[in-house]
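*Asks:*
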Amino acid sequence: MIELAALLIGALFGMGLAISDMVNPERIIGFFDLAGSWDPTLAFVMGGALTTTFFGYRYVLKRSAPLLDGQFHLPTRHDIDGRLMGGAALFGIGWGIGGICPGPGIASLVSLRIEPLVFVAAMVAGTLLAKFWIARRS
Amino acid sequence: MWVAAAISGTIGGVLIGAAAVLLMLTLGRIAGVCGILANVLTLKLDRNWSWSAFFLLGLAGGALLVGAVGLKDWSAFVYPAGVVGTAFAGLLVGVGVTFGSGCTSGHGVCGLSRVSARSLVATLTFMASAAMTIFILRHVF
Numbered sequence: 008m009i010e011l012a013a014l015l016i017g018a019l020f021g022m023g024l025a026i027s028d029m030v031n032p033e034r035i036i037g038f039f040d041l042a043g044s045w046d047p048t049l050a051f052v053m054g055g056a057l058t059t060t061f062f063g064y065r066y067v068l069k070r071s072a073p074l075l076d077g078q079f080h081l082p083t084r085h086d087i088d089g090r091l092m093g094g095a096a097l098f099g100i101g102w103g104i105g106g107i108c109p110g111p112g113i114a115s116l117v118s119l120r121i122e123p124l125v126f127v128a129a130m131v132a133g134t135l136l137a138k139f140w141i142a143r144r145s
Numbered sequence: 015m016w017v018a019a020a021i022s023g024t025i026g027g028v029l030i031g032a033a034a035v036l037l038m039l040t041l042g043r044i045a046g047v048c049g050i051l052a053n054v055l056t057l058k059l060d061r062n063w064s065w066s067a068f069f070l071l072g073l074a075g076g077a078l079l080v081g082a083v084g085l086k087d088w089s090a091f092v093y094p095a096g097v098v099g100t101a102f103a104g105l106l107v108g109v110g111v112t113f114g115s116g117c118t119s120g121h122g123v124c125g126l127s128r129v130s131a132r133s134l135v136a137t138l139t140f141m142a143s144a145a146m147t148i149f150i151l152r153h154v155f
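Top to bottom, those sequences are chains W and D.
Counting in this note's numbering, the first sequence runs from 8 upward without gaps.
Counting in this note's numbering, the second sequence runs from 15 upward without gaps.
(1) Should S44/W go down as buried or exposed, given a rule of 16 or more other Cβ atoms within 10 Å for buried?
(2) Between the alpha carbons of P94/D and V47/D, how many angstroms are there, rounded?
(3) Please list, in chain order, the chain D residues whose beta carbon lies closer than 7 Å to that of T83/W.
(4) Please report the straight-line C-alpha distance between G31/D and A25/W, rounded to a whole angstrom.
(5) Would the stretch 28–41 of chain W count as touching the stretch 128–140 of chain W if we require 3 or more Cβ pairs under 8 Å?
(6) Which residue wins for smallest C-alpha separation from I16/W, given the options F149/D, L41/D, L85/D, M146/D?
(7) Should G31/D be flagged as near chain W, meaning a C-beta pair shorter than 9 Å?
(8) Does F62/W pass the burial test, meaning 16 or more other C-beta atoms within 10 Å, or should it be called exposed?
(9) Sorted by chain position, which residues of the same chain lie with C-beta nearer than 7 Å to E122/W's C-beta, five sequence neighbours on each side aside?
(10) Taking the straight line between their C-alpha atoms, what separation do you get for G78/D and S118/W?
(11) What residues from the stretch 101–124 of chain W come within 9 Å of chain D, judged by C-beta to C-beta, listed N to C?
(12) Give the C-beta separation of P47/W and F39/W to the nearest angstrom, bearing in mind that I take them to be a contact with Cβ-Cβ under 8 Å.
(13) Name the chain D residues whose beta carbon is nearer than 9 Å to that of R144/W?
(14) With burial defined as no fewer than 16 other Cβ atoms inside 10 Å of the residue's Cβ, what is the status of L19/W: buried or exposed?
(15) Do G114/D and G93/W have their beta-carbon atoms positioned less than 9 Å apart in this structure?
(16) Go ahead and pull the three-state DSSP assignment for L73/D.
(17) Run through DSSP, which three-state label would S71/W get?
(18) Since G116/D and S133/D are thought to touch, with beta carbons under 8 Å apart, how far apart are those beta carbons, to the nearest angstrom?
(19) Alpha carbon to alpha carbon, how far is G89/W from I107/W?
(20) For a contact meaning CB atoms closer than 8 Å, what does K138/W contact in chain D?
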């Protein structure tokens, strides 16, 4: 049951990424390239997603538990440290170079183009590398 | 062109938001793609691995569906960094989202909707660094 829910919800997410054209790197570059011909699409996507999620979460999180799990799994950390900011800064550099972030990268695998494949493989390598480094440090 | 992008962007954004809300309603989880990918990479074949793997499968399936009904021409996309540059970008994204505990979906959509200070700082940071990177690549070099 949780697998079916996750599959359908993932599909909804993937359809959103494709319909909004966030899988197109030019949309990302165009949004951030304020000195070029500005493309506002990302702002509309974030606006639509944030409005829906903000009000949806207010309703959902009033419940004592989700439908298919005993409890909500929410992040508990509140500290703002160098690791958070440094990590986010690195992510932004990678996002700016490739015009691809994790969701669109994985969704674009279905295009069978070489770039999304290379992107996801390298992202997996980077994730494992960072996890390994964090595990050794702690 | 501008209006069409505004409409399809808003519709797509609402679908992404609806997916985030439904994932919280059913499984009680944050719809952060890089976190879900990290769950799959643990290769611990438990309940957490299982829903995560099916979510990513669905993510790709949903995009495939939009292409199958003729709404997406994947061959038209231009990847600005080329193959080698895209590999480098992927590596930076993987390291960055792991240290930064989230990406555009986890911090930018779910975290901001929960009014999380950590997500606000992370989102402003990665948006600013993306904008600076693109400015340097397009207008300095």
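Where is the CB? At the ideal position from N, CA and C, for every residue including glycine.
A quick note: this is a predicted structure, and the numbers were derived from the prediction, not measured.
*Replies:* Quick answer:
(1) For this step, residue 44/W is matched to residue 37 along the first sequence. By the neighbour-count rule (16 or more Cβ atoms within 10 Å), S44/W is not buried but exposed.
(2) Mapped onto the second sequence, residue 94/D falls at position 80. Mapped onto the second sequence, residue 47/D falls at position 33. One C-alpha to the other measures close to 23 Å.
(3) Numbered from 1 along the first sequence, position 76 holds the residue referred to as residue 83/W. Result: empty, since nearest Cβ-Cβ is about 11 Å, beyond 7 Å.
(4) Counting from 1 along the second sequence, the entry for residue 31/D is found at position 17. Counting from 1 along the first sequence, the entry for residue 25/W is found at position 18. Spanning the two alpha carbons is a distance of roughly 14 Å.
(5) Flag = no, the stretch 28–41 of chain W and the stretch 128–140 of chain W do not touch.
(6) Counting from 1 along the first sequence, the entry for residue 16/W is found at position 9. Comparing Cα-Cα distances from I16/W to each of F149/D, L41/D, L85/D, M146/D, the minimum goes to L41/D.
(7) Locating residue 31/D in the second sequence gives position 17, counting from the first residue. Yes - at least one Cβ of chain W is within 9 Å of the one on G31/D.
(8) The residue labelled residue 62/W in the question sits at position 55 within the first sequence. Burial call: exposed.
(9) Taking the first sequence and counting its residues from 1, the one referred to as residue 122/W is at position 115. Around E122/W, the same chain offers no residue with a beta carbon nearer than 7 Å, after the five sequence neighbours per side are excluded.
(10) For the purposes of this step, residue 78/D is identified with residue 64 of the second sequence, where counting begins at 1. For the purposes of this step, residue 118/W is identified with residue 111 of the first sequence, where counting begins at 1. The identity of residue 78/D in the sequence shown is Leu, whereas the question assumes Gly. Taken atom to atom, the span from the alpha-carbon of L78/D to that of S118/W is near 8 Å.
(11) From the stretch 101–124 of chain W, only G101, W102, G103, I104, G105, G106, I107, C108, P109, G110, P111, G112, I113, A114, S115, L116, V117, S118, L119, R120, I121, E122, P123 have a Cβ closer than 9 Å to chain D.
(12) Taking the first residue of the first sequence as position 1, residue 47/W is located at position 40. Taking the first residue of the first sequence as position 1, residue 39/W is located at position 32. P47/W to F39/W, Cβ: 11 Å. No contact.
(13) As a first step, residue 144/W is located in the first sequence; it is residue number 137 there, counting from the start. For a Cβ distance threshold of 9 Å, nothing in chain D lies close to R144/W: the least Cβ distance comes to about 11 Å.
(14) Taking the first residue of the first sequence as 1, we reach residue 19/W at position 12. If you draw a 10 Å sphere on the C-beta of L19/W, you find 16 or more other C-beta atoms in it, and that means buried.
(15) For the purposes of this step, residue 93/W is identified with residue 86 of the first sequence, where counting begins at 1. For the purposes of this step, residue 114/D is identified with residue 100 of the second sequence, where counting begins at 1. Contact flag set, yes.
(16) Along the second sequence, read from residue 1 onward, the residue named residue 73/D stands at position 59. Helix.
(17) Here residue 71/W refers to the residue found at position 64 of the first sequence. Residue state, collapsed to three classes: coil.
(18) As a working mapping, residue 116/D is identified with position 102 in the second sequence. As a working mapping, residue 133/D is identified with position 119 in the second sequence. Indeed, because the Cβ distance is near 7 Å, the residues count as touching under 8 Å.
(19) What you label residue 89/W is simply residue 82 of the first sequence in a count that begins at 1. What you label residue 107/W is simply residue 100 of the first sequence in a count that begins at 1. G89/W and I107/W: Cα-Cα distance of roughly 24 Å.
(20) Working through the first sequence from its first residue, we reach residue 138/W at position 131. Contacts between K138/W and chain D, judged by CB atoms closer than 8 Å, involve A52, L55, T112 in chain order.
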